[in-house]
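Numbering (the UniProt record's numbering), first residue to last: 1 to 72.
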């Protein structure tokens, strides 16, 4: 399952759950829910997995450096 498929699945679950909750409570915010879902999709699309891998690499380097210092 790709990242976009997971986001799509989770947002649809979120949307149906909150649509049900808001409609039961007759909440006026239900009209703005679609806008929130669109913003969530935009944020997920803007996410770049490369940033995450760079962070992992730098933390791995710092761990290696720490081990080297302890070994000396």
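Each residue gets a CB set at the ideal place from its N, CA and C atoms; glycine is no exception.
These numbers were taken from a predicted model, which means no experiment stands behind them.
Discussion item. I need the straight-line Cα distance from residue 51 to residue 8, nearest angstrom please.
Written reply: Taking the first residue of the chain shown as 1, we reach residue 51 at position 51. Taking the first residue of the chain shown as 1, we reach residue 8 at position 8. Note on residue 51: pLDDT 48, under 50, position unreliable in the model; the coordinate value appears next. So the two alpha carbons sit approximately 22 Å from each other.
Fill in: Beta-carbon proximity check, residue 17 vs residue 37, cutoff 9 Å
Reading the chain shown from its first residue, position 17 is the one you call residue 17. Reading the chain shown from its first residue, position 37 is the one you call residue 37. Not closer than 9 Å, so no.
Worksheet item: With DSSP run on the structure shown, which of helix, strand or coil describes residue 2?
Response: The sequence position of residue 2 within the chain shown is 2, counting from 1. Residue 2 falls in the coil class under three-state DSSP.
Worksheet item: From residue 45 to residue 12, what does the alpha carbon distance come to, in whole angstroms?
Response: Taking the chain shown and counting its residues from 1, the one referred to as residue 45 is at position 45. Taking the chain shown and counting its residues from 1, the one referred to as residue 12 is at position 12. Their backbone Cα atoms lie some 16 Å apart in a straight line.
Fill in: CA-to-CA distance, residue 10 to residue 1, given in whole angstroms
Along the chain shown, read from residue 1 onward, the residue named residue 1 stands at position 1. Along the chain shown, read from residue 1 onward, the residue named residue 10 stands at position 10. Near 12 Å, if we compare the C-alpha coordinates of residue 10 and residue 1.
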